[in-house]
Amino acid sequence: MAGITLRPGRGHGRSVAKGAMKPRGGARDGRARPMRTCHRRRPLFSVLWVAGVLLPAARTSALTVMLTRPPSDDAGHYMAPTTLGTETVHGIAWPDEGIGSVRVNGVLAQLLRQHLQPSSRVLAPPEATVVEFSLDVPLSPDMVLTVEVEGVGGRSTTAVWEPNSRAVADGVQALAAASPDDPRALVRLADVVHAAGDRERAVGLLRRAIDLDPTGPGAWTLLGSALRAGLDHPGAVEAYQQAIRVDDAYVWPHFAVAAVYQHLARLDEAVAEYRRCLELYPDVPRAHTYLGNLLMRQDRFEAAAAECRLGAECDPNWGWAHFSLGLALRRTEDWEGAAQAFAAGIAVEPTFAYGHVGLGEALTNLGRVDEALAGFRQGLALDDGSAKSHTLYGVALGMKGLHEEAVREHERAIALSPDYVEARLNLGSEFLMQLRSDEAKEQALNVIALEPENARAHHLLGDALWDEEQFVEAAQEYALAAQYDPEDALSWYKLGKMRAALKQFSKAAEAFREALRAQPDFAVAHLDLASSLLETGSHAEAWQHVAACREAQLDLDEDFLRRLRAEMPEPGP
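Below is the structure:
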């Protein structure tokens, strides 16, 4: 699961309180310097109990800050990543006068004011506003983590954690050794061990902690995460469910088990767990956005768009929420909304290649092809390994009349993914534009071999056969296309055209009626149906469809009208 890592927290940083004076001397320039409390001078801290985990909290007289993710020790160190990557920094803070803002390494973090668990809230003074803060941060192995908290009254404090995974491991190991039967110390050690990659040892420590105290939801949740990392999905589900049984108001196991249910294709259960998360804490952007993505898998695109929009509103600086909204709106064919969502995502995450590609697709469907081409080029410059990106780019090139370039892009897509039917269908359509019907037929047949009931492939094959005036064979393919997609008015219409060309006028009329059932405003189908009805002697019905053509302001052939009037005078108004 991308994004939030569900781990109970621990740790404090070195505290720097603005306005706290040095006890002696001061700065050489005569100005007061902030006093730094670091690991060489034991900081003030209190041991707190949060979700079954021992939490040392860095404090000033007006502030408490706890780093809950990544793992940290009691001396201002945190477990740094081994390579550059994006990690979720998560913690808890409260000043006496309330939180104004939290910044992590200078970037404004999201404040989750309603997100704190009840077991954590009781640790704060009754009048304090307690918040959790969260931010995805690009972390490198040597990066210092700085958390700046500003209270609403103007007081601000900074806590600093330095990367030192060995110190964290040693410190937490020593804590557990000093209290071998303390389940809180065991859970904290298990979290550090798990973060270091020793999953089996972490599972053993957690099971021992649970034997000592089975009432801590944090231990069960961390056990679920460790089992899930080992691909023991049934075991993970059981652990998360036990955490929920212990404390249904503890949000993280709901969030985590939803992701496992989604992986196991237990979609209804996943939806229920995400909704439970949002009942508890309605301002969590990832819960809204992941729920939206799950609803897309269930083809509930309008509901998905609503959830993704809430995710983007909760955290406007999280690009994936905007991109997910664009994907949902794409499926509802709200191309204007999709374009706006993809553009908003690009504004905060400009290096996400598919955001540019999604914007290009939306602009293509809005007819803004030049802008679309620029978007596709930007996306492919960032990542040229996506078959879908190449074929969508090819479609836009074809709309611009650049058919040879379009063919090359579709061929690149097929080279990347030989069974990608969308690219083969688009390539076949480009071949038809160049009157290369044999090559178009080849692509259609390739798709039919992969997906025998693919309506678009049969339609494409029908088009190629029509170009070769093989009307019988073309009619057979259009009939299959209409059978596999009865709501495709164009397949019904072309089937009618082939039957009319074969002088099968009664069957042609049936096909034209189906086209109008699927698309009542299909004006030219009214005209062709009227022509077939003239041939079958259904003159009164033919005049009805002539009236529909006139209402649609469709030009009518005078020879046809003379023939129809000769058979039956035109009815009066």
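Its first residue numbered 442, the sequence shown is counted upward by one per residue in this note's numbering.
Where a beta carbon is used, it is the ideal one built from N, C-alpha and C, also for glycine.
Query - For Met507, three-class secondary structure by DSSP - result: strand
Which value, in whole angstroms, describes the spacing of the CA atoms of Gly842 and Phe963? 26 Å
**Residue ranges of each alpha helix (DSSP H) within the segment 932-965, 4 or longer** = 946-959
Compute the Euclidean distance between the alpha carbons of Ala498 and Ala534, then round it to the nearest angstrom. In this prediction, Ala498 scores a pLDDT of 46, lower than 50, which makes its location untrustworthy; the coordinate-derived value is nonetheless stated afterwards. Distance between the alpha carbons of Ala498 and Ala534: 9 Å.
With DSSP as the reference, identify every bridge partner of Arg544, one or two as the case may be. Leu549, Glu589
Measure the beta-carbon distance from Ala779 to Ala803 and round it to whole angstroms, keeping in mind my assumption that it falls under 8 Å.
-> 4 Å
Next item on the list: Would you kindly report the start and end of the unbroken alpha helix (DSSP H) that includes Thr524?
Entry: Run containing Thr524: none; DSSP gives neither H nor E here.
Which residues in the same chain as Ala983 place their Cβ atom closer than 7 Å to its Cβ, once the five residues preceding and following it in sequence are excluded? Contacts found: Ala971, Leu974, Leu975, Leu1005.
Item to check | One or two residues paired with Phe1001 in a DSSP bridge | outcome: The partner list for Phe1001 (beta bridge, DSSP) is empty, contrary to what the question assumes.
Using the three-state DSSP reduction, which class does Ala690 fall into: helix, strand or coil?
Of the three classes helix, strand and coil, the one that applies to Ala690 here is coil, per DSSP.
Inset, instruction - Please check the pair Ala699 and Ala680, which I expect to be a contact at CB under 8 Å, by giving their CB distance rounded to whole angstroms. - result: Not quite, the Cβ-Cβ distance comes to about 14 Å (not below 8 Å), so this is no contact.
Requested in this report: Counting only runs of 4+ residues fully inside the segment 643-672, write out the alpha helix (DSSP H) ranges in chain order.
Outcome: 658-670
N-terminal and C-terminal residue of the alpha helix (DSSP H) that Trp761 is part of: 760-772
Close-in-space but distant-in-sequence residues of the same chain around Ser542 (CB under 7 Å, 5 per side omitted): Leu549, Glu591
*asked:* For Glu992 and Leu1002, what's the separation of their Cα atoms in angstroms?
replied: 16 Å
Quiz item: Taking 7 Å as the line, does the beta carbon of Ala746 fall inside it for any heavy atom of the ligand SAM?
Solution: Among the components modelled here there is no ligand, and therefore nothing to report on the ligand SAM.
Notebook entry, point to check: Helix, strand or coil: which one does DSSP assign to Glu992?
Noted result: Of the three classes helix, strand and coil, the one that applies to Glu992 here is helix, per DSSP.
**Prompt:** Which residue from Ala637, Gln985, Pro893 puts its Cα closest to that of Gly1013?
**Reply:** Gln985
Local Cβ density within 10 Å of Glu871, reported as buried at 16 or more and exposed below that: buried
- request: Evaluate contact between the segment 596-605 and the segment 615-629, counting only Cβ atoms and requiring at least three cross-stretch pairs below 8 Å.
  value: no
**Prompt:** In chain order, what residues of the same chain lie with their CB nearer than 8 Å to the CB of Leu873, ignoring the 5 residues before and after it?
**Reply:** Ala881, Leu901, Asp904, Ala905, Asp908
- Query: Hey, out of Glu928, Gln917, Leu957, whose CA is closest to Met939's CA?
  - Reply: Gln917
### Query
Between Ala847 and Ile540, what straight-line distance do the alpha-carbon atoms span, to the nearest angstrom?
55 Å
Discussion item. Just to confirm before moving on: does the CB-CB distance between Gln823 and Thr773 stay below 8 Å?
Written reply: This sequence places Leu at residue 823; Gln is not what is there. No, these two residues do not count as a Cβ contact at 8 Å.
- What separation, rounded to the nearest whole angstrom, lies between the Cα atoms of Gly799 and Thr730? 17 Å
Classification of Glu714 by the beta-carbon crowding that lies within 10 angstroms, buried from 16 upward
By the 10 Å Cβ count, Glu714 comes out buried.
Any idea what DSSP makes of Gly595, helix, strand or coil? In this structure, DSSP gives Gly595 a state outside helix and strand, which the three-state scheme calls coil.
* Asked: Which residues mark the beginning and the end of the beta strand (DSSP E) in which Glu573 is found?
  -> 572-580
- Message: Quick check on the DSSP output: the alpha helix (DSSP H) that includes Gln614 runs from which residue to which?
- Response: 606-619
Problem - Backbone CA spacing between Val609 and Val601 [nearest angstrom] - result: 14 Å
Anticipated Cβ contact below 8 Å, Pro757 with Asp632, distance rounded = That pair is no contact at about 31 Å.
*Taking just the CA atoms, how far does Asp688 sit from Pro859?*
Each residue's Cα considered, the two are about 50 Å apart.
Please name the residue, chosen from Gly594, Leu705, Gly659, that lies closest to Asp673 on a Cα-to-Cα basis. Leu705
Can you pull the DSSP bridge partners for Ile533? Met507, Glu573
- Query: At which residues does the alpha helix (DSSP H) containing Glu883 begin and terminate?
  - Reply: First-last of the alpha helix (DSSP H) with Glu883: 878-891.
Practice prompt. State the CB to CB distance for the pair Leu1054 and Gln683, rounded to an integer number of angstroms; the pair is presumed to be in contact (CB under 8 Å).
Written response: The chain is shown only over 442 to 1014; residue 1054 falls outside these bounds and no answer can be derived.
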